[in-house]
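Here's the structure we're looking at; comments come further down.
In the numbering used here, the protein residues as written are 169 to 582.
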């Protein structure tokens, strides 16, 4: 007998927490490094190294979070509350005047925010994956969660740029932290009410563990895609300001990108429920490659072209958000390792952080070696290096990823 589909109210109650959670993800890695480079004077290579070590810290913590969630599943609600406190405190402390040396302050605040974000995201994805078993319903749950997350990304991405001309950059980023705290206070009671009413199969055999070998093909493709997204995420503000010469439009570009992802996520979730998540993701990756290829032609003042690129790649980004968790949930179901699902999702979170770490550790020092200086006049070679790291490297990574995805899917490995 088919399972009843989750109602819209239940979907909203589960997914609402993804709205504030989005504040501690991509926008933090867009705004914080550029803020500390331009406002605090931290060298790009130093920031890149610091971000790399922060992600390694997350790499150690994530498996512990996954193990704890699997062995004490009834504590997931409490873990999410604790993660919310850490996330709100870390983001707030990051943008207040430092009471310690700037680099130490940056590292401690980012560690707090990252730890809180990890605890929430791993457990939230796990609960969604265990809620229903049918692939179409998994895609619907994932699409609802990522839709609220995209709404949070839109607000977190554009709010600082909108407020900066009025109250200054630091105050605008502190306003972002305040909105994060308020939305967490609203979302947490609603989420806890959903968690108390939903029925999940959470009994854990003592020897439960994910089938890592069966999941490795998926993780390989996911890593390539995450890397291809991490480079432009780390460099977009520099591209807009220093190559296009359109700093005032940075918020509008981000808004365009994230708004385009909303219908992209909805369409991807709808199509995945009908023809399968892997074929839909393959097409989305190919379409996004066309956007990155067009980005290689950008030069100073190419504002209209970059708007088109934001629309195209943003639409495809919606699929990148919705489909990998749904595919991972299907693989967990296929290997009958639901009792170890938190560890499997923790690895996906870990790979996201590794991608961000490598992007910062590779891109920022290379830019510095090329002679690039943020918010200063740069020569042609430095700007070309910026464009290659922003577009050419992601294009190559996505090409490898989609080739591997199609091949592995035909073999039945994904």
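Each residue gets a CB set at the ideal place from its N, CA and C atoms; glycine is no exception.
No experiment lies behind these values; they were computed from the predicted model shown.
Measure the alpha-carbon distance for residue 575 versus residue 298 and round it to whole angstroms.
28 Å
Which of helix, strand or coil does DSSP assign to residue 574?
helix
Considering only residues of the same chain and omitting the five flanking positions on each side of residue 577, which have a CB-CB separation below 6 Å?
Within its own chain, the residues whose Cβ lies closer than 6 Å to the Cβ of residue 577, once the five positions on either side in sequence are excluded, are 446, listed in chain order.
Straight-line Cα distance separating residue 245 from residue 363
7 Å
Chain-order list of residues whose beta-carbon lies under 6 Å from that of residue 402 (same chain, five-residue window excluded):
Non-local beta-carbon contacts of residue 402 in its own chain, meaning distances under 6 Å to residues more than five positions away in sequence, involve 527, 528, 531 in chain order.
Alpha carbon to alpha carbon, how far is residue 281 from residue 565?
Each residue's Cα considered, the two are about 28 Å apart.
Going by beta-carbon coordinates alone, are residue 344 and residue 327 separated by less than 7 Å?
yes
Between the alpha carbons of residue 248 and residue 216, how many angstroms are there, rounded?
29 Å
Taking Cβ to Cβ, would you say residue 285 is nearer than 7 Å to residue 255?
yes
Could you have a look at residue 184 and say whether DSSP puts it in helix, strand or coil?
Residue 184 falls in the coil class under three-state DSSP.
Run through DSSP, which three-state label would residue 210 get?
coil
Report back the beta-carbon spacing between residue 313 and residue 183 to the nearest angstrom; my notes put them in contact at under 8 Å.
4 Å
Exposed or buried, which one is residue 288 when buried takes at least 16 other CB atoms within 10 Å?
buried
Report the three-state DSSP secondary structure of residue 554 (helix, strand or coil).
helix
Beta-carbon proximity of residue 273 to residue 266, cut-off 7 Å
yes
Could you have a look at residue 241 and say whether DSSP puts it in helix, strand or coil?
helix
Look at the alpha carbon of residue 178 and the alpha carbon of residue 355, and state the distance between them as a whole number of angstroms.
13 Å
Note down the Cα distance separating residue 422 from residue 448, rounded to an integer number of angstroms.
24 Å
Where does residue 400 sit, in a helix, a strand or coil, going by DSSP?
DSSP places residue 400 within a helical segment (H, G or I) once states are collapsed to three.
When the Cα atoms are used, what is the spatial distance from residue 162 to residue 549?
Absent from the structure is residue 162, since the part of the chain shown begins at 169 and ends at 582.
Assuming residue 306 and residue 173 make a contact with CB atoms under 8 Å, what is their CB distance in whole Å?
Not a contact, Cβ separation roughly 11 Å.
From the DSSP output, in three-state form, read off residue 252 for me.
Helix, per DSSP.
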